[in-house]
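A short worksheet on the structure shown next.
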Amino acid sequence: MTERSAFVVVANRLPVDEVAAEGGREWRRSPGGLVTALHPVLAAHQGTWVGWAGGTDAAPGPFDVDGIHLHPVPLSGDELEKYYEGQSNATIWPLYHDAVEPPMYKRSWRDAYRRVNARFADAAAEVAADGATVWVQDYQLQLVPAMLRERRPDLRIGFFLHIPFPSIELFMQMPQRVEILRGLLGADLVGFQQRLAAQNFIRLARHLLGLRYVGQTVEVDDRRVKAGAFPISIDTAEMERMGADPEVQARAKQIRKELGDPKTVILGVDRLDYTKGIEQRLKAFRELLAEDFLSVPDAVMVQVATPSRERVEHYQTLRVKVEREVGRINGEYARVGVPAVHYLHQSYSRAELAALYRAADVMMVTPLRDGMNLVAKEYVAARGDLGGALVLSEFAGAASELKQAFLCNPHDPDGVKDALRRAVTVDQVEARRRMRIMQRHLRSHNVERWANTFLTELRGEA
Ligand code: ADP
Ligand code: G6P
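For the sequence shown, the numbering used here begins at 1 and goes up steadily by one.
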């Protein structure tokens with residue numbers, strides 16, 4: 001019989017990566033902030049994490065890594081295509097990000113989404129102990145709260161959406177709208193990154209289902225469902241330590257040297273995703289080169305774009321567009337041996353990312369829409385030297401907290417250029433002042449606080 005846990009996390013992905021090791025392959029805990037935040041809670045409660053192990057071969061049986069029980073859920077090739085690439089990443093992802101690319105709607109994707117969500121709910125119902133707390137994560141699993149409640153009314157169920165929640169008008173496009181809303185309302189507490197998102201959700205419950213609400217609480221049948229904002233954060237101390245590590249600093253120096261010791265290094269780090277505003281940022285850089293405000297080799301840009309969701313059409317189109325723009329800029333402004341834009345379609349270790357953060361004079365985070373954006377927070381935390389400047393989109397959740405960044409509207413090319421210009425020329429005293437305030441904020445508002453605040457509220461202890 002499966003061991004049952006008092007605390008269960010349900011997420012599309014398990015927080016482990018399969019890596020080559022002596023004598024074969026082994027699972028290692030992946031570095032993300034979510035697992036860092038939840039690890040102490042999971043470890044203290046013999047917790048279980050339910051999720052997909054990646055791949056479409058038969059899923060491994062339950063196993064333990066670092067004191068966490070992992071309970072893999074399998075996906076077939078057909079489900080990967082319809083549930084993950086289709087309904088999750090070609091319907092819901094673009095719709096919830098303000099339809100910056102048009103969402104696609106397909107019946108067969110919705111069916112697969114329902115089927116896979118039911119499988120996750122079954123797995124959670126199997127591993128949860130009597131009266132356990134179950135925390136469901138993100139847009140891939142919005143039907144799980146209601147499905148789980150049906151199977152296990154004894155559980156305390158929380159849901160957190162890591163991405164934006166759209167306006168009523170946009171949400172109403174979705175053929176599966178009632179089902180998804182009812183799915184979310186299966187939770188006791190539904191958490192969002194922003195207050196506005198929580199409000200959208202509450203108003204939607206009235207608009208679509210005629211439900212009554214008082215403050216942040218919606219009345220559903222004989223239950224109360226609470227909605228609220230719980231802005232996620234990073235493991236600030238860990239990123240501060242990485243930034244301060246002598247090896248990371250030596251690597252940062254080496255990176256600058258390899259770039260030709262320019263005066264200004266401009267950096268972008270994102271998954272290659274159309275919500276991230278990568279083209280907008282490249283365009284701002286190109287125009288500042290054209291205007292001779294910046295010039296190569298004094299200024300160079302490094303754009304790290306991690307491969308992501310590569311079989312989804314919008315992502316393929318974006319890659320072509322970004323690579324064309326990089327080629328155009330380098331064609332016009334590079335010299336032999338000195339590119340204007342160093343474009344890296346690769347994934348890096350945390351230490352290499354920290355070194356890049358330390359090497360960058362200006363970090364550009366310009367999403368058209370983003371639930372939070374952790375890269376912006378990581379950059380600030382890595383800069384214990386108080387160096388560097390952050391250009392940040394108003395449309396990233398992080399902008400409500402990192403107010404000392406050079407904020408811009410990524411839909412306005414002149415606004416992006418202006419913010420970049422100001423970040424490049426800011427005087428040191430002012431730059432350090434801004435960095436210091438943002439760091440202070442992140443020290444108290446870290447991912448541990450995020451998890452604790454949510455779980456305290458979920459358990460009704462707030
Ligand atoms: P999203 O969740 O949409 O990808 P975030 O900025 O919130 O955006 O989180 C991205 C996370 O992935 C950050 O923790 C960041 O450090 C990490 N990351 C981004 N690019 C890379 C890369 N090339 N290699 C390794 N990790 C990366
Ligand atoms: C965002 C989503 C996560 C997702 C991650 C990586 O952060 O909110 O749920 O896991 O992107 O995307 P992927 O599709 O590779 O899991």
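Backbone N, C-alpha and C fix where the C-beta goes; we use that ideal spot for every residue, glycine too.
| Query | Result |
| --- | --- |
| Identity of the residue in A451, M363, T453, R459 nearest A431 by Cα | M363 |
| L392 Cβ short of 8 Å to ligand 1 heavy atom set | no |
| Through-space distance from F120 to Q140, alpha-carbon basis | 11 Å |
| Where I234 sits in the DSSP three-state scheme | coil |
| CB-CB length for R156 against L458, believed under 8 Å | 6 Å |
| M363 - containing beta strand (DSSP E), residue span | 362-365 |
| heavy atom of ligand 1 below 8 Å from V304 C-beta | yes |
| With 16 other Cβ atoms within 10 Å as the buried cut-off, status of L386 | exposed |
| Beta-carbon proximity list for F395, same chain, < 7 Å, skipping 5 on both sides | P367, L368, R369, D370, P410 |
| Cβ neighbours of Y83 in the same chain (closer than 6 Å, five flanking residues each side left out) | A112, Y113, V116 |
| Buried/exposed call for G215, threshold 16 Cβ in 10 Å | exposed |
| According to DSSP, residues forming a beta bridge with H342 | V302 |
| Three-state secondary structure assigned by DSSP to L402 | coil |
| CB-CB length for A355 against V365, believed under 8 Å | About 18 Å separates the two Cβ atoms, so there is no contact after all. |
| Distance between K276 and C408 (C-alpha atoms, nearest Å) | 13 Å |
| Beta carbon of M372 nearer than 9 Å to that of P231 | yes |
| Chain-order list of residues whose beta-carbon lies under 7 Å from that of S30 (same chain, five-residue window excluded) | P15, V16, D17 |
| V73 vs T48 beta-carbon contact at 9 Å | no |
| Rounded C-alpha distance that separates P413 from H97 | 20 Å |
| Cβ separation of Y333 and V304, assumed to be a contact under 8 Å, to the nearest whole Å | Not quite, the Cβ-Cβ distance comes to about 20 Å (not below 8 Å), so this is no contact. |
| Reference S233, options A451, V35, N446, closest by Cα | N446 |
| Cβ distance (whole Å) where A229 is taken to contact F201 below 8 Å | Wrong, their Cβ atoms sit about 10 Å apart, outside the cutoff. |
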